[in-house]
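Undergrad: Pasting a structure here, questions to come.
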Amino acid sequence: MTTHEESLSRAKDFAQDWYLGLLGKYRVGDLKPGKTFAEAAERFIDEFEVITRGERSPVYVQGHRARLANYLVPFFGDTVLGEITAGMVQDYRIHRLRPGSSGRTPAASTLHQEIVCLRQVLKAANRRRWLDQLPDLSTPFRGSSKVSHRAWLSPDDYKLLYTTTRQQAQARGALPAAKDLHDFVLFMVNTGLRPDEASHLEYRDVAIVLDQTTGDQILEIAVRGKRGVGWCKSMPGAVVPLQRLRERYDGQPTDRLFPIPLRSALNATLQAIDLKFDREGRRRTAYSLRHTYISMRLIEGADIYQVAKNCRTSVEMIETFYAAHIKDVIDAAAVNVRRDRGDAKRADRKSAKPVRKARRSAPGRL
1 MTTHEESLSR AKDFAQDWYL GLLGKYRVGD LKPGKTFAEA AERFIDEFEV ITRGERSPVY
61 VQGHRARLAN YLVPFFGDTV LGEITAGMVQ DYRIHRLRPG SSGRTPAAST LHQEIVCLRQ
121 VLKAANRRRW LDQLPDLSTP FRGSSKVSHR AWLSPDDYKL LYTTTRQQAQ ARGALPAAKD
181 LHDFVLFMVN TGLRPDEASH LEYRDVAIVL DQTTGDQILE IAVRGKRGVG WCKSMPGAVV
241 PLQRLRERYD GQPTDRLFPI PLRSALNATL QAIDLKFDRE GRRRTAYSLR HTYISMRLIE
301 GADIYQVAKN CRTSVEMIET FYAAHIKDVI DAAAVNVRRD RGDAKRADRK SAKPVRKARR
361 SAPGRL
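Heads up: the sequence shown begins at 1 in the numbering used here, then just goes up one per residue.
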């Protein structure tokens, strides 16, 4: 450690005071043996950055580093790992949810990420036997979460959006960005890609092929995103936007399809046509184009497993966040089963008759 003092005499005084303070804590039993949270956090972030290199985004690693430096270490830093209890974790939640000098409190997702970071530090300490067992980090007093769907565009809303972007693209003196936005909307709703996957997409990752099953031209896309490399087969509506982009920019194999970020232009268009929020007040973003693709495929009766595979996600995610509002996934014939009243009465009379014992046949007789 360092005293941060320039004078040697003042540094000695600081060190002496620090030593006497520790000695006093030791004599009264306040100084517990073992590693502190600050030591565990420092070791965790070092190994996390090395082990996840090439698998985790540097931005994600930096996010953990910032959470530790700004919030977790200042609160838990000097605490011995064995002294971190479920009650102390709850105290941390209360501390973070109290309005600070700015009068703002963190969003639920922000606090969740901090608890995730805390859990990972404690797990790293447990692997090194610095901590015998992990405390309960679950949120108490939490009610059951409401089942809801992601913000998407209904067929009518989607038609309004692409009609508006087409008018902007065809207007006299329209900039290339307006044309890119129109093609971006069509491309995303016909592929279901995540926005970050689309931003990394290069022309060499996309091939126009003839689908043997339907006889339509579609795109086969090698997707590089948060889950590594996966494959996507598009709807036929994605072919023309790709061709227009390639002609507009004379796209070379290593060029990106969408080199210029279009989220701001999309948000402005959604705001202008009053589609920025859905009926539940959820904010629509570029991710809503992916949600629209998945919802429309389910409306058309596509197999949930195939949709999940094509979107590089799980069936559970589809069922939880998308299928909740799709009425077509419920088989009405299987739900609305009714028995004929005459058959029901005959079945009731038959069940009420006494069971007669069968006669025993005489020996040697059939």
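All residues carry an ideal CB built from backbone N, CA and C; glycine is no exception.
For His291, does the three-state DSSP call read helix, strand or coil?
TA: Taking the sequence shown and counting its residues from 1, the one referred to as residue 291 is at position 291. Three-state DSSP puts His291 in a helix.
Undergrad: Can you tell me which of the three DSSP states Arg256 falls into?
TA: Counting from 1 along the sequence shown, the entry for residue 256 is found at position 256. Correct three-state label for Arg256: strand.
Undergrad: Of the residues Lys233, Cys232 and Ile115, which one's Cα is nearest the Cα of Phe75?
TA: Taking the first residue of the sequence shown as position 1, residue 75 is located at position 75. Of the candidates Lys233, Cys232 and Ile115, the one whose C-alpha sits nearest the C-alpha of Phe75 is Ile115.
Undergrad: Tell me which residues share the same chain as Val229 and place their Cβ nearer than 8 Å to its Cβ, disregarding the 5 neighbours each side in the sequence.
TA: Position 229 of the sequence shown, counted from the start, is the residue given in the question as residue 229. Result list for Val229: Ala222 and Val223, in chain order.
Undergrad: If we call anything under 7 Å between Cβ atoms a contact, is Ala124 one with Phe37?
TA: In the sequence shown, counting from the first residue as 1, residue 124 sits at position 124. In the sequence shown, counting from the first residue as 1, residue 37 sits at position 37. No. Outside cutoff.
Undergrad: What do you get for Thr371, buried or exposed, if any count of 16 or more other CB atoms within 10 angstroms of its CB means buried?
TA: This structure leaves residue 371 out entirely; the chain is present only between 1 and 366.
Undergrad: Tell me, which residues are paired with Cys117 by DSSP?
TA: Working through the sequence shown from its first residue, we reach residue 117 at position 117. Beta-bridge pairing links Cys117 to no other residue.
Undergrad: If we count Cβ pairs, one from each stretch, closer than 8 Å, do we get three or more for the segment 149 to 164 versus the segment 284 to 295?
TA: Contact holds: three or more Cβ-Cβ distances are below 8 Å.
Undergrad: Using a Cβ-Cβ cut-off of 8 Å (strictly less than) and excluding sequence neighbours within five positions of Gln252, which residues of its own chain qualify?
TA: Within the sequence shown, the letter at position 252 stands for residue 252. Taken in chain order, the residues that qualify are Tyr203.
Undergrad: On a CA-only basis, which of Leu72, Leu298 and Glu42 is nearest Asp91? Give me that one, please.
TA: Translated into the one-based positions of the sequence shown, residue 91 becomes position 91. Nearest option by C-alpha distance: Leu72.
Undergrad: Among Val50, Cys117 and Val89, which has the Cα closest to the Cα of Gly63?
TA: Translated into positions along the sequence shown, residue 63 becomes position 63. Here the closest residue by C-alpha is Cys117.
Undergrad: Where do the ends of the alpha helix (DSSP H) carrying Glu319 lie?
TA: Position 319 of the sequence shown, counted from the first residue, corresponds to residue 319. Where Glu319 is concerned, the enclosing alpha helix (DSSP H) stretches over Val315 to Phe321.
Undergrad: Can you check which of these residues, Glu39, Asp46 and Val59, is closest to Gly77 by C-alpha distance?
TA: Taking the first residue of the sequence shown as 1, we reach residue 77 at position 77. Answer by Cα proximity: Glu39.
Undergrad: If you reduce the DSSP assignment to three classes, tell me which class Gly364 lands in.
TA: If you number the sequence shown from 1, residue 364 lands on position 364. Caution is warranted here: a pLDDT of 45 is assigned to Gly364, below 50, making its placement in the model unreliable, and no coordinate value can be reported.
Undergrad: Return helix, strand or coil for Leu210, following the three-state DSSP convention.
TA: By 1-based counting over the sequence shown, the position of residue 210 is 210. Of the three classes helix, strand and coil, the one that applies to Leu210 here is strand, per DSSP.
Undergrad: Once you ignore the five residues that flank Ala151 on each side, which residues in its own chain have a CB closer than 7 Å to its CB?
TA: Indexing the sequence shown from 1 puts residue 151 at position 151. Hits under 7 Å: Asp278, Arg282, Arg283, Arg284, Ser288 and His291.
Undergrad: In terms of residues, what are the limits of the beta strand (DSSP E) holding Ile218?
TA: Locating residue 218 in the sequence shown gives position 218, counting from the first residue. It spans Gln217 to Gly225 - the beta strand (DSSP E) in which Ile218 sits, taken as one unbroken run.
Undergrad: Rank Asp196, Ala198, Leu8 and Leu219 by C-alpha distance to the C-alpha of Ala207 and give the top, closest one.
TA: Here residue 207 refers to the residue found at position 207 of the sequence shown. If we check each option's Cα against that of Ala207, Leu219 comes out closest.
Undergrad: Give the single residue among Ser109, Arg128, Arg119 and Leu131 whose Cα lies nearest to the Cα of Leu137.
TA: For the purposes of this step, residue 137 is taken as the residue at position 137 of the sequence shown. Among Ser109, Arg128, Arg119 and Leu131, the Cα nearest to that of Leu137 belongs to Arg119.
Undergrad: Look up Arg150 in the DSSP assignment and say whether it is helix, strand or coil.
TA: Position 150 of the sequence shown, counted from the first residue, corresponds to residue 150. Residue state, collapsed to three classes: coil.
Undergrad: Pull the bridge partners of Gly230 from the DSSP assignment, please.
TA: Numbered from its first residue, the sequence shown carries residue 230 at position 230. Paired residues: Val223.
Undergrad: Which residues in the same chain as Leu161 place their Cβ atom closer than 8 Å to its Cβ, once the five residues preceding and following it in sequence are excluded?
TA: In the sequence shown, the residue the question calls residue 161 occupies position 161. Hits under 8 Å: Leu153, Val185, Thr269, Leu270, Ile273 and Leu275.
Undergrad: Note down the Cα distance separating Ala66 from Val240, rounded to an integer number of angstroms.
TA: Position 66 of the sequence shown, counted from the start, is the residue given in the question as residue 66. Position 240 of the sequence shown, counted from the start, is the residue given in the question as residue 240. The alpha-carbon atoms of Ala66 and Val240 are separated by roughly 44 Å.
Undergrad: Can you find at least 3 beta carbon pairs, one from the segment 254 to 264 and one from the segment 191 to 201, that sit closer than 8 Å?
TA: With the cut-off at 8 Å, the segment 254 to 264 and the segment 191 to 201 touch.
Undergrad: In the structure shown, what three-state DSSP assignment does Thr52 receive?
TA: Within the sequence shown, numbered from 1, the residue matching residue 52 stands at position 52. Three-state result, Thr52: coil.
Undergrad: Am I right that Leu68 and Ala41 are in contact with their C-beta atoms under 8 Å? What's the rounded C-beta distance?
TA: Taking the sequence shown and counting its residues from 1, the one referred to as residue 68 is at position 68. Taking the sequence shown and counting its residues from 1, the one referred to as residue 41 is at position 41. Indeed they touch by this definition, with Cβ atoms about 5 Å apart.
Undergrad: For Pro106 and Leu97, what's the separation of their Cα atoms in angstroms?
TA: What you label residue 106 is simply residue 106 of the sequence shown in a count that begins at 1. What you label residue 97 is simply residue 97 of the sequence shown in a count that begins at 1. Approximately 7 Å between the Cα atoms of the pair.
Undergrad: Give the secondary structure of Glu6 by DSSP, where H, G and I count as helix, E and B as strand, and everything else as coil.
TA: Residue 6 sits at position 6 when you count from the first residue of the sequence shown. Glu6: coil per DSSP, three-state reduction.
Undergrad: Could you name the residues that DSSP lists as bridge partners for Thr36?
TA: Walking along the sequence shown from the start, residue 36 turns up at place 36. Per DSSP, Val80.
Undergrad: Would Gly34 pass as a contact of Gly103 if the rule is Cβ separation under 7 Å?
TA: Here residue 34 corresponds to residue number 34 of the sequence shown, with the count starting at 1. Here residue 103 corresponds to residue number 103 of the sequence shown, with the count starting at 1. Going by C-beta atoms, Gly34 is not nearer than 7 Å to Gly103.
Undergrad: Where does Arg263 sit, in a helix, a strand or coil, going by DSSP?
TA: If you number the sequence shown from 1, residue 263 lands on position 263. Helix.
Undergrad: What span of residues does the alpha helix (DSSP H) with Gly87 cover, start to end?
TA: Residue numbering aside, residue 87 sits at position 87 when the sequence shown is read from its first letter. Where Gly87 is concerned, the enclosing alpha helix (DSSP H) stretches over Ala86 to Leu97.
Undergrad: Helix, strand or coil for Phe277? Go by DSSP, reduced to three states.
TA: As a working mapping, residue 277 is identified with position 277 in the sequence shown. Note: Phe277 maps to strand in three-state DSSP.
Undergrad: Could you check what DSSP says for Arg282 in three-state terms: helix, strand or coil?
TA: Taking the sequence shown and counting its residues from 1, one reaches residue 282 at position 282. It is coil, neither helix nor strand.
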